[in-house]
Each structure stands twice: as C-alpha cells, then as structure tokens.
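The block underneath contains the structure these notes are about, expressed in structure tokens.
Number of protein chains: 2
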Amino acid sequence: MLKIILLIIFITNSFLYADEGMWEPYQMKGLKKELRTSGYNRNVSNVSDLFKHPMSAIVSLGGCSAAFVSDEGLIATNYHCIERGFLQFNSNSETDLFETGFVARTKNAEKRSAPGSRVYVTLESTEITEQVLKNLNDETQDIERAKIIEKNIKEIISMCETSDEIECRVRSFFSGETYKLEKVLKIKDVRLVYAPPAHIGEYGGEIDNWMYPRHTGDFALLRAYTSKDGSSKEFNKDNVPYKSNSFLKISAKGVDEGDFVMVVGYPGRTNRLLTFNEIKYDLEIGFHETVEFLKRGIELIDKNTNDADGSGLKYRGLKSGYENYFKKISGQIDGAENFKLLISEESNWKSFLKFVEKEASKNEKDYLDALLNLVDEQQKESLARSYYGNSVLISQAKRLYRNAVEKEKIDSERKPGYQERDQEKIMNRIKSLDYSFDLKVDKAIFTDRLSVYAKIEPSLRRPTYSKLLKLDSGLNEMNQAVDEIYSSQYKDSESFLKMMEFSLDELNDSTDPLIVFAKKTYEESLEYEKKYEATGARRQLLKSKFIGLLKNYYESSNRQLYADANGTLRVTYGNVAGVSLEDGVRYEPFTRLEGIVQKHTNEEPFDASDKLLKLINNKDYGKYFYEPINSVPVNFLSTLDITNGNSGSATINSKFELVGLAFDGMLETIIADYKYIPQARTISVDSRYLLWTLEKLEKADNILEELTIVN
Amino acid sequence: MLKIILLIIFITNSFLYADEGMWEPYQMKGLKKELRTSGYNRNVSNVSDLFKHPMSAIVSLGGCSAAFVSDEGLIATNYHCIERGFLQFNSNSETDLFETGFVARTKNAEKRSAPGSRVYVTLESTEITEQVLKNLNDETQDIERAKIIEKNIKEIISMCETSDEIECRVRSFFSGETYKLEKVLKIKDVRLVYAPPAHIGEYGGEIDNWMYPRHTGDFALLRAYTSKDGSSKEFNKDNVPYKSNSFLKISAKGVDEGDFVMVVGYPGRTNRLLTFNEIKYDLEIGFHETVEFLKRGIELIDKNTNDADGSGLKYRGLKSGYENYFKKISGQIDGAENFKLLISEESNWKSFLKFVEKEASKNEKDYLDALLNLVDEQQKESLARSYYGNSVLISQAKRLYRNAVEKEKIDSERKPGYQERDQEKIMNRIKSLDYSFDLKVDKAIFTDRLSVYAKIEPSLRRPTYSKLLKLDSGLNEMNQAVDEIYSSQYKDSESFLKMMEFSLDELNDSTDPLIVFAKKTYEESLEYEKKYEATGARRQLLKSKFIGLLKNYYESSNRQLYADANGTLRVTYGNVAGVSLEDGVRYEPFTRLEGIVQKHTNEEPFDASDKLLKLINNKDYGKYFYEPINSVPVNFLSTLDITNGNSGSATINSKFELVGLAFDGMLETIIADYKYIPQARTISVDSRYLLWTLEKLEKADNILEELTIVN
C-alpha cells in the first residue's frame, strides 16, 4: 500500500511519457492538447483552479488524501488511512473495530478520533520565492544563505499564522527554485462514520500489498466538524458538520476500460529531477544499502520483541513500515533492472548535456559542474548518515537538551522546531513513547546499527560521538559505553516529561549518563547541523540553477516540467487500462467480486466473511453489475501517476464524479515512483464496490441517502 | 513437457465438457453437432476414417506422435521427442548437436538414429472383442479367465505378425469392455533432418516445463526410409524415402484466436473412467504417496550420484523423469484442490448411482458392488506394490531366471514377454545398463525403498522376499542381506549377457548370491503374478460391466463416452483460446518472439543466441508477421484435450493444414489429465515460428522447398 513512510527517497529529466506528471493545478492550462488526447473534453479551467470544484472538494489528512462527498462534511478516503487514528483508537478488549467494521447509523453514533487527527483544507497558495530569498544573491556564503532563508521563512510563517486553526507551510518547488506559501485550515474534530471490517478493508493484507490482481475494499468515511461559528475546534458535542465549498458526487455507473480519469490529491514526496550521478548512485548503491538497512531492521525487531511483554505490539508499526518499504525498494531494484532504467537514463542525460554544451552560459555550466561535484561529495557520507543515531532514547534526550538551550532565547530567535508553536509536538512525541518504545528493544537496535557505524572509515564519522561511544576501542568497550547511557533513569514518557521541564542549568548540573551524553555531544551536533544547512543552502542554489537549465531544455522541445511532489495539491490524469508486463499475460483493468471468493482461504488475510461470500455466491449484484466483467468491479487499474500521500485520493471521471479511491501501485512498476515508466499503473477501489458494500452488506441507508449517487 | 513416463496413473462419469474427449475416429460421426459448434464446417467423414487424409498422415514414434509433411517421408514432431534417439546418439565430444542444432542441407547429410528408433504406421484396426473373450463367460473362474485371455491374445498376435516389419497389438478399450487389434508397420530406418539448437528447442527448460506463457521451439523433422521394394529395413544407404498415403501441408498463415483446431495423435494412457472410491483414494492418498515416492527418488539420486564417476549422467534420465512427474502430480494435487474436484465428482457419482438404482438389474448392481469392493481391496496393497522391487540388479536377474524357465517350453507355450519375439528386447534391456545403471546407486536406492517396505504391515508384504531380506530382523541384518546379494559377480551388461546364455540347470547350480536370490523368490513371484492376473481378469470383467452401465447412463442423456487413452489413434478438437485462471489475469492465446528476448538471461535455460536475438530485435518477421500480436507467434493455447503420448501431434485447422505441434499442458490445469476441466489448455508451437526459424535463422531452403507451405 502507499503507506507514508518516514524514511525518504528520491526521476529525471528524460522525455515525459503520455501519462507522466504530478501537475500543479495552474499547469493544467498548458496541457489542453494532452488532456483532449486522454479523452477530457470539458473546460480546462475547471481543473486548473485550486479553489473551484472539483479541487475545492479535495483535502489532506496529513499523509493521506481525501475528498468531501456531501454538504455535511462527509469525507471519503482509504481504509488504510484511518486504521491508527480511528480504528485502533476506538478498539479495546471488548470492541474490535478491525474485526467488526463500523457503521454510524446516526451522526450521534459517530466515533471520535485519536488526538492529533486532522483534516487540512487549503485556503491559500501564494508564490513567495522573492520573500524567501530576500537579502540573498548568488554570492552569499552558504552558512549565511542558510541562516537568511531560515529567518525569512520564519517571518513569513509567523505573519501568516493568525490563529491556531490556521497552519502555514513554506513549500519548496523544484528544489528551491520556487517557494510557495500554503495556508491551510486545520479541522480538529474528525469522526469515524464508516469503516468496513478488516477482511474487506485490508483483504489480502501484506501478501497482496503492492500487488495486482487486487481485491481490497480500501475505503472508509469520516466527517469533519467545526464549532457553530465555523471556526475549528477540538471535539465537542456542540460542534456541527463542516460545510465545504464543494463535494464530489459518487458514480454508481463507474468507469469503462479506456475512460478518462483524474486523481487530485496530495502526493508526499518524489525526487524525479535528479542528475545522472544521483540516479547511478541510487540504482547501483543507494537502493541496495537501503534494502540492507531495512532487512536488518526487520530482523532486529523480530529477534528482540515478543508478544508476552507487549514489545511486539509496540514495534509492529515500525516493522510494518520497514516491510512495506523493503518490498517497495526491492521492487524498484527489480524494476530498474527489468526496464533497463540506467541505460535509458544515461542516454537521456547525454542529450541534456548536449543541450547544455550548446545553449548554456559558462556560468551555468560551472554551476552544473559544482552540483555534480557536490552530489559526489554527499554520496560518500550516505552510509554514515544512515547508521548514525538510531537510538530513540538518545535522540529524545538530545531533543530536550536542545529545547532547553533554545528556550533561553526569545521565541522569534529560536530554531524552528523549538518555538512555542512546537512545544505541543515535542510533548506528543514523548507521549507516543508509551506505545512505540521499549528500552531493551531500542538498545538492541541501536547497538547493532552502531556496530555497523563503527566500521565506517573514521573520517566519515562524528569524532566526539565516536569517542564517547568508544567506537575505536573494540566491541566490549562500545557495549559498556552503551550500557552506561542506557542505565539512565530517563527511560519512559513520564521521566522524559519531567526532563522537559528542566532548565538548561538543571540539565547541565545533572549527572545522569544520558543527559551527560546529550550535553557532551551538543556542540558537535550543532556543528554538523550547521554544516548540513550550509550544504543544503548550497544545494538549493545549485539545484535551482540546474532546474533553470532543465526548464530551458524542456521548453526547447515545447514540454512542461512538473515539480517533485512536496505534499501540495497535484493533478494527474490518464485512462483506465490493463497492462501486460510479461509476454502472453495481461492484467485486466478490473477485478471482480468472484476474485474475493477465489482468494478466500478462511485464514487471514484472505478471510472473507460468510455473509460476504454468500452475497457474492448469490450473484446479488444489484445496480452495480458491470456487464463487461459479468460482476461488480472491485478494483481497477489506470495510468495515473501517483505516489505515497496520494492514498485516499478520489479517482474522478471527466464529470468530476468519484469513480474510485486510489490506494496502491503495482510492485512490478513501482520503479515509476522513482522514475516514471509508461507501464505504471495505479490501483483504485471501484466506487461500485463501495456502494455495493454499503447497500448489500452494510445496509447503510443513512449513508447512501446522504451521498449524491449518480448513474 | 508431456514426456512419457513409465509410472502409471489414472476421469469420470461426469457430464462431458465442450472440448473434452480423446475420440476414436469412428466416433466423430456422432459428434457432428459438436464439431459444427466448434467451427468445423467440412465433411465429418473426413475426420472419421483412420485410413483417409488427414489421419493417414499421422504416425507414432512410440511414446510420441508425429505427422508426415511431405511425399518423401518427411516427418514433423517435437524436439523433446528426438533428444535421446537422434541428438544424444549423434553427439560426442567434438559434435554437440544440442548446442549447434542440425540442418541436413541434402538427404545425404541426414543423421541416422539410435538402434530401436521406429516410426509406426497404423495399417489396420479391427474389433476383436469376441476373439479375445472366446471360450469365456461371466462365470469363468478368475485364474482360468486370465489364462484364456492370455492364450487368445497370443494366438491373435501370432496370426497377425506375418513378417518382422509388422507389429500387432491387442488393445483394451473401456477397461476390457472392447478389444481391438492394431496392426502397424514398423519403419526401422529413421533419420534426423532438422533440429533447432537446444536454446530454441527446449528454451525455458525445466523452469518453463508445464508452464505458460511459453516460448519453446519444440519442433524437429525426421525422415522415414524403407528398402526400394517398400519393405521396412534397418538403416541402409540404398534405402529410399518412404511414400506415405498422405501428408499435411504447413500453414504460413497460422490460426487466429477462436479458430477451430484438431489434434490427431497417439495419447498414451488416461484413466478417466473411475469409480468414486478410486477418485477419492487417488486425491486423498494415492497422489500424495506418489509425490512422496518421487521426491525421495530425486533426493536419492542427488545424494548418491556424481559427475566424476559418470553416475550423474547415468541417472539423469530417471531423475528428469521423476522431476517431470513430480511437477505434474504436484500440479494435479493443487488443481484438484483449486477446482474442488472431489466435491463435483462426488455429486456426479451420486447422479450415476441414482441412475443405477432406477435402471440397472439386480445382477448389474451386484457387479458394481463387487467392483467397488475389489477397488477397496486393491487400494490396501498400493503402498506395498510401490515399495516392493526397486532393485534393477535383482529385477534383471529374476527376468533372466524366468527367461531360462520359459525357454524350456515350446515358443507358443511361453509367457508373453519371454517368447522368441521378445528375446531381442531382453537383450537390449541388458545393453541399456551401460548408460543407465550404476551398482552403488542402484543399491542405495533399493536399500532406501526396502527400508520403507519393511515398515509395511507384514500381511501386505511378500513373505519369502521379506524373509530372505531379513526385513523383520532389524536394519543391520537387512543391510547384510542386501550386501550379500550385491556382492554378486553379475553387475553389468557383459556379465548379464553371459547369464542370459545359461540354461535353467546351470542357473539352478549357481551359488552366486544374486542368482540364488532369484531362484529362491521365483515361486513366490509366480504366485503373485497369478494372483494379480486373476484379480486383473476379475477387474476386467467387473469394469466392463461398469462401463456398460456408464454407457447406458451416458446414452440416457444422449452423450457418447470415449475410451481411456491406450496408445491408439485419437482425435480431439477445440478452439484457439486464452484462459483466465485467476480473476484479473488472462493468459493470452499467443506468445510472441519478443517474449524470448524478455526471458533471455544469457544463462541456461534462457540462453537465446545472439543471432536469434538480433533477428527479433530487427523485427525481421517476414511473411510470418501476425498483426493482432504485432509479431511472429511462438506458442499458442487451445482447448484441446491431450495427454502424454500426444507430444509431437500435429495441431491442424479445419483445412487439415498443420498450424502447430502440440507439446505441453499447463500445470495449473494439468489435473485435466486425470479429470477434464474446461479451463484445460494445450500448448502448441506455432507453424509460423517453425517456418520463421527455418527461413530466417537456418536459411534451410531445401526443407522449405520440400514442404507444401500454404497461405
């Protein structure tokens, strides 16, 4: 599944493929011809304005996308986007919402969500490149450059965030070539309206994850509430359903093979605008290192956790993230090989270099050389950066020590992340230790990662950190150093919340080995942070020059470039289509209810309920019957270009009706996430399956009545 | 691949599916309506006469099928049917025909075949049930019954075999309900005309065996020669190409999806007319026991052979047979489960029993009960029968001892298999030890099988055999007994050929432990042989009564029954069609040249030559280009019902043109071999790929000119 992963990855300047592109709405105007070719015949201005229907119906859940589907704040998204904040939160030893699913038959019956659950509605989006780069020129020193950008951004945000229901974010487009200010409304009262049982919502589980043919009912419904005056407030009985500017109608007719479809959503992160040395490094080294890191991580969790002491449960989330990412990157390695990516990318890069040779100024060429050198330089440090850290205990202590340092300053002078607006997040992070941290497991993972770090060439390691942890004195000494730190009295949320209250002086006076370690490595950490910020600032300058060249290169053949995904609203369009990835075998565009029965083994993750099986075996298709497949469609494939963060995005037809919810990609073409390939497919759950489930299985008449269902 | 396997297996009385049936030619007249539905619009009498075109062009190679494709004795068959007798025989340290392939540019250049290679042309087929069952009635005692049938058959054969170029076989149809005499011409001079290199002929090897999508060029050409007077003679330079009664034209246009196709060939053995207790036993116990037996066999060969002493090579054939069969039976176990065979068969059996209850006489019902009891009885012995024997050394000695006993009698009185006509076969069997027997390996396999046999309940074991081998005295004693037998001076072809010369008295006087063992177990073996023959005779009677009921049952709903495959010529018809075995995935009917490139890894079995890859990459399709797949078809699927022995069968269109050569089934539906299912598919190599290879890759103009190619 397109789960949001905290670990971060990395497409290129090559020619654009037909359905490639995560477009910013304003760019759609330039894609008139392409949209027509894809079968979109309506006014293009409808799909280029963020604040008009249908885009005004699209929201973010922070990591997932979603869409309003009624004028009373009803929201459709993926099942896998609501598992933690809604199902786990409302389940206990008596009630297991995973097993039963949940249908609110009235608004009163809706379930509230875990603290921090949010719906984000974009209110404004403004280009602010000039303000972010104010007082800068190309000659500004890197460190100075970093400082100025940080200061400018802080000012912009503080001017923007006029109330606590508003969140403002400065987003970098094209690696800092452009900056935009996104002003969003944070809706804080979000409630669960409908979730199918897990045997529908995650049918196929980890086995079918990233796979097709797929039969997952990955859908759920939430509702956004605000106070009566329309302002965003935390859960309150008196709150009223939020009135969105627009909402999507739901199609009971669904799509046909070949139909035009579009996804509007909030893709999290791509890194497609890479230089060739970045691609070469990723494909030949980086991906493999990541896979190794993840594989070992899974092994470490398996070895050091168990169900009896609850540690298994605490690390289930991390492990599942590792596994999902491991499967994805492994799939990308295979895909890069199968689709011979390195060969095509080298040839694309050569064409670009020819253009540069001919069209670029001496100055621009120098910048490009400098960028390539910087990339080479940074690649050397990559392994050390992965294996540095990795102790949640130490990171927590260091964060609190730093917070104490920053708190000595006035708020506007503090480092972002340590301002007053950030204190609640810091506290929530501590509280999250209760269900995601175990001292013994953390120590085991840290020790193992550290033993790899210790083997890295000393010049690439942090000297103070290495010295304090005795990395060059043999395994025994190292283990003793770790033992000492982990003997700290600070080891859970309670003690860390106390530590958060300490002043800098109190921390400096402490003899606790963990605090002492945080103090002794503080200066070095600051030094590295500055170094990285300086390199980051330099990279921003060099990358923005590179993007300039790339834009010229694209323009020279009348093509538009789209910016890497960065959590802002994007549009991708394409068609419903099967795919053949292997001669003689074709993945058909639709899967059918009967496929659920075929896969059913009575054991998780293929444990369909008797009720569901009976409805299918009775061919009780109702009005959702789709003649070409002689059944009700469950999932369908389209050529849309999506990535993590797009999960829950409404898949809409040219009439802007919701025909599905995008929820996954195919492992065989997941390399497209890194670098688009025309065989890439998006898997959506079909609106007909959603409606069939609500009608036949759930008999959720109240929900069906609230939706605007069109034929 | 549909390799012929010596181990033997076992469809049912259920309703017939559209394309089910291995029909005897005469039955085709009754299938007019079905043939029309399948798209065959020509005269049905053309496909119901064994001695008219096209059937007169079909021959057997003994284990494989083949067809004449020119008026000069040219024969098309599968590559995998000629590997041993033609390629291995003509390869040595300097010439590796597997690697190079072989094209005879002139008749003189053709390669002769290994001794014993034969082409069998059916000359006559006569119903002789009455003669076989002469002097018998339903009350004849079992042992007497067996003796009379054996005697009758011997007489029929001896009357029929008027010269040594003629071979006569009495074939049982419907488990002995009908008998036919098949008189065939043995063509003894067969030469190799064309074989592609192994990287085409067995592209995909063991990995792709039983699999689709497939890209195997499983074709080869032979030529039959006779003496100038038309009589069959062994290889001789003066021999001339055989003039067949008819031959098939080759289609360069090939088939389209949905086209009518037919396969005429010699399917080896099926056992589809089973009672439900047979099916239940096979699916729940028998298949699993067989898989276990084969798996252990593969392990034993792996453990006890090596390349250094040549034993690896000697057991390669047996191991590959075990592996092929293991894959097939494992596939059947999975298929039976996936297609819920036991459930449908039970329901079919119940319907049959209802018919029996209503329509059958008391007598017929008693016979059916007796059959069911006999089946139950025999199933108890199945494990003991598998694990008894298994020493090639001992079997060889016992055969020669028996031969000496029989030789004391006049020829007509001897046991079939030990008559004068059989002496050459006995000798060839001894000679084959040179390349398929290793004393150490034989002993290891025997000892392991024996240790399983020893654990079987004593009442199910042979007492003398068990006593002599000390099976109830512990492993040590047993091993000592085996050691003693294997200390024999008879242990290779040379010594066994000597033993073959000994008279019965000489053998009886011998103190060699192997001969002594053969002698001491002789009486018991004879006793068991008689017992099995009696049971066999009883089974024949009871089965023929059962078949009678089954025929009535079928007739009651206007359906024909077809007899189990028994090595006689059969017709199966159907259509070119892909298949979906899993919701959302479709196997397309054709694979393409480009699929070869996709699978190419440069390593066996996916090691396409540069020349082949270049031709494909250059899209040098010539006139064999097939627009719907934008390439040249390599293999195609059809709904034909074939089994082992059909390998090499010509797949022909309604104009009787050769459009392909059938060579395999799909593992997912191989259960159809046991019990037909409508999803079953036959894989054929496309005539366009054969012609493309001959023209583009081999530039074999002489062969292309000899063929009658039609568009």
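As they're listed, the protein sequences go chains A and B.
With this note's numbering, the residue at position 22 of the first sequence is 22, and numbering never jumps.
With this note's numbering, the residue at position 31 of the second sequence is 31, and numbering never jumps.
Just so it is clear, CB atoms sit at the ideal spot from N, CA and C, and this is done for glycine as well.
Remember, predicted model here, so these are calculated numbers, not experimental data.
Item checked: According to DSSP, residues forming a beta bridge with phenylalanine 68(A) -> Reading the first sequence from its first residue, position 68 is the one you call residue 68(A). DSSP, once it has assigned bridges, lists Ile75(A) as partnering phenylalanine 68(A).
Next item on the list: Could you say if the region 283-299 of chain A and the region 313-327 of chain A meet the contact criterion of at least three C-beta pairs nearer than 8 Å?
Entry: Cβ pair count under 8 Å is three or more, so yes.
Margin query: Using a Cβ-Cβ distance cut-off of 8 Å, determine whether glycine 331(B) contacts chain A.
Written below: As a position in the second sequence, residue 331(B) is number 331, starting the count at 1. Judged by the 8 Å Cβ criterion, glycine 331(B) is not in contact with chain A.
Checklist line | Straight-line gap, alanine 336(B) to leucine 318(B) (C-alpha atoms, nearest Å) | finding: Residue mapping note: residue 336(B) aligns to position 336 of the second sequence, counting from 1. Residue mapping note: residue 318(B) aligns to position 318 of the second sequence, counting from 1. Between alanine 336(B) and leucine 318(B), the C-alpha separation is close to 26 Å.
Next item on the list: Within 10 angstroms of the Cβ of glutamate 698(A), are there 16 or more other Cβ atoms? Answer buried if so, exposed if not.
Entry: Against the first sequence, residue 698(A) aligns to sequence position 698. With 16 or more other Cβ atoms within 10 Å, it is buried.
Check: Mind listing which residues of the region 571-594 of chain B have their C-beta closer than 8 Å to chain A's C-betas, in chain order?
Finding: Taking 8 Å as the Cβ-Cβ cut-off, the region 571-594 of chain B approaches chain A at Ser580, Glu582, Asp583, Gly584, Val585, Arg586, Tyr587, Glu588, Phe590, Thr591, Arg592, Glu594, given in chain order.
Check: Under a three-way DSSP split, which group does aspartate 189(A) fall into?
Finding: Stepping through the first sequence from its first residue, residue 189(A) is reached at position 189. Looking at aspartate 189(A) - three-state DSSP - the assignment turns out to be strand.
Check: Under the three-state reduction of DSSP, which class applies to proline 633(A): helix, strand or coil?
Finding: Working through the first sequence from its first residue, we reach residue 633(A) at position 633. Note: proline 633(A) maps to strand in three-state DSSP.
Notebook entry, point to check: chain B beta carbons: is any one of them nearer than 8 Å to that of proline 213(A)?
Noted result: The residue given as residue 213(A) occupies position 213 in the first sequence. Output row for proline 213(A): interface = yes.
Note to self: Less than 8 Å between the beta carbons of tyrosine 242(B) and valine 184(B), yes or no?
What the structure shows: Reading the second sequence from its first residue, position 242 is the one you call residue 242(B). Reading the second sequence from its first residue, position 184 is the one you call residue 184(B). No. Outside cutoff.
Check: Thinking C-beta only, is isoleucine 187(B) closer than 8 Å to threonine 693(B)?
Finding: Translated into positions along the second sequence, residue 693(B) becomes position 693. Translated into positions along the second sequence, residue 187(B) becomes position 187. Not in contact: threonine 693(B) and isoleucine 187(B) (Cβ atoms no closer than 8 Å).
Checklist line | Straight-line Cα distance separating asparagine 78(B) from lysine 354(A) | finding: Translated into positions along the first sequence, residue 354(A) becomes position 354. Translated into positions along the second sequence, residue 78(B) becomes position 78. Taking the straight line from one Cα to the other gives about 53 Å.
Check: On the three-state DSSP scale, how would you describe valine 255(B)?
Finding: On the second sequence, residue 255(B) is found 255 positions in, with the first residue counted as 1. Under the three-state reduction of DSSP, valine 255(B) is assigned to coil, being neither helix nor strand.
Note to self: With distance defined between alpha-carbon atoms, name the residue in Glu206(A), Leu549(A), Asn618(A), Gly567(A) nearest to glutamine 560(A).
What the structure shows: Sequence index remark: in the first sequence, residue 560(A) carries index 560 (1-based). When only C-alpha atoms are compared, the closest one is Leu549(A).
Next item on the list: Compute the distance between the beta-carbons of methionine 28(B) and threonine 572(B), then report whether it is under 8 Å.
Entry: What you label residue 28(B) is simply residue 28 of the second sequence in a count that begins at 1. What you label residue 572(B) is simply residue 572 of the second sequence in a count that begins at 1. Their beta carbons are not under 8 Å apart, which means methionine 28(B) does not touch threonine 572(B) by this criterion.
Item checked: Identity of the residue in Lys623(B), Leu514(B), Ala66(B) nearest leucine 248(B) by Cα -> Counting from one through the second sequence, the residue named residue 248(B) turns up at place 248. Taking only the C-alpha atoms, the option nearest leucine 248(B) is Ala66(B).
Notebook entry, point to check: Is the beta carbon of asparagine 646(A) sitting closer than 8 Å to the one on glycine 217(A)?
Noted result: As a working mapping, residue 646(A) is identified with position 646 in the first sequence. As a working mapping, residue 217(A) is identified with position 217 in the first sequence. Taking 8 Å as the Cβ cut-off, asparagine 646(A) and glycine 217(A) do not qualify as a contacting pair.
Check: Is the distance from the Cβ of leucine 667(A) to the Cβ of tyrosine 587(A) below 8 Å?
Finding: What you label residue 667(A) is simply residue 667 of the first sequence in a count that begins at 1. What you label residue 587(A) is simply residue 587 of the first sequence in a count that begins at 1. Taking 8 Å as the Cβ cut-off, leucine 667(A) and tyrosine 587(A) do not qualify as a contacting pair.
Margin query: Is there a C-beta anywhere in chain B that falls below 8 Å from the one on glutamine 489(A)?
Written below: Locating residue 489(A) in the first sequence gives position 489, counting from the first residue. Judged by the 8 Å Cβ criterion, glutamine 489(A) is not in contact with chain B.
Note to self: Against chain B, with Cβ distances strictly below 8 Å, would glutamine 598(A) count as a contact?
What the structure shows: Within the first sequence, numbered from 1, the residue matching residue 598(A) stands at position 598. Chain B, which has a Cβ nearer than 8 Å to the Cβ of glutamine 598(A), makes this yes.
Notebook entry, point to check: Run through DSSP, which three-state label would glycine 660(A) get?
Noted result: By one-based count along the first sequence, residue 660(A) stands at place 660. Of the three classes helix, strand and coil, the one that applies to glycine 660(A) here is strand, per DSSP.
Next item on the list: Assuming lysine 398(B) contacts glutamate 406(B) (C-beta within less than 8 Å), just tell me the rounded distance between them.
Entry: For this step, residue 398(B) is matched to residue 398 along the second sequence. For this step, residue 406(B) is matched to residue 406 along the second sequence. The pair is not a contact, with the Cβ atoms about 12 Å apart (cut-off 8 Å).
Next item on the list: Give every residue of the same chain whose Cβ lies closer than 7 Å to the Cβ of valine 375(A), excluding the five residues on either side of it in the sequence, and list them in chain order.
Entry: The residue labelled residue 375(A) in the question sits at position 375 within the first sequence. The answer, listed in chain order, is Thr275, Asn277, Glu278.
Item checked: CB contact check: valine 59(A) to chain C, cutoff 8 Å -> No chain C is part of this structure, whose protein chains are labelled A and B.
Next item on the list: Could you tell me if asparagine 152(B) is buried or exposed, where buried requires 16 or more neighbouring beta carbons within 10 angstroms of its beta carbon?
Entry: The count along the second sequence starts at 1 and reaches residue 152(B) at position 152. Under the 10 Å beta carbon count, asparagine 152(B) is surrounded by 16 or more other beta carbons and is classified as buried.
Checklist line | DSSP-derived helix/strand/coil call for methionine 262(B) | finding: Here residue 262(B) is taken as the residue at index 262 of the second sequence, counted from 1. Methionine 262(B) falls in the strand class under three-state DSSP.
Item checked: Cβ-based neighbour list, glutamate 165(A), same chain, cut-off 7 Å, excluding 5 preceding and 5 following -> Position 165 of the first sequence, counted from the start, is the residue given in the question as residue 165(A). Result list for glutamate 165(A): Leu185, Lys186, Ser231, Ser232, in chain order.
Notebook entry, point to check: Fully enclosed by the region 463-493 of chain A, which alpha helix (DSSP H) runs are 4 residues long or longer?
Noted result: Fully enclosed alpha helix (DSSP H) runs of 4 or longer: 463-468, 475-486.
Notebook entry, point to check: Which one of Lys520(B), Ser172(B), Ser330(B) has the shortest CA to CA distance from serine 466(B)?
Noted result: Counting from one through the second sequence, the residue named residue 466(B) turns up at place 466. Considering only alpha carbons, the answer is Lys520(B).
Next item on the list: Following the continuous beta strand (DSSP E) through serine 766(B), name the residue where it begins and the one where it ends.
Entry: Past the boundaries of the shown model lies residue 766(B); chain B is included only from 1 to 711, so the question cannot be answered.
Check: How many Å lie between aspartate 434(B) and glutamine 423(B) at the Cα?
Finding: Residue numbering aside, residue 434(B) sits at position 434 when the second sequence is read from its first letter. Residue numbering aside, residue 423(B) sits at position 423 when the second sequence is read from its first letter. Distance between aspartate 434(B) and glutamine 423(B), taken at the CA atoms: about 18 Å.
Notebook entry, point to check: Measuring CA to CA, which of Lys425(A), Gly310(A), Ala565(A), Glu364(A) is closest to asparagine 644(A)?
Noted result: Working through the first sequence from its first residue, we reach residue 644(A) at position 644. Ranked by how close their Cα comes to the Cα of asparagine 644(A), the residues Lys425(A), Gly310(A), Ala565(A), Glu364(A) have Ala565(A) in first place.
Next item on the list: From the DSSP output, in three-state form, read off proline 241(A) for me.
Entry: Along the first sequence, read from residue 1 onward, the residue named residue 241(A) stands at position 241. Here proline 241(A) sits in strand by DSSP.
Item checked: Of the listed residues Ser493(B), Arg539(B), Glu477(B), nearest to glycine 176(B) (C-alpha basis) -> The sequence position of residue 176(B) within the second sequence is 176, counting from 1. Nearest of Ser493(B), Arg539(B), Glu477(B) to glycine 176(B), Cα basis: Arg539(B).
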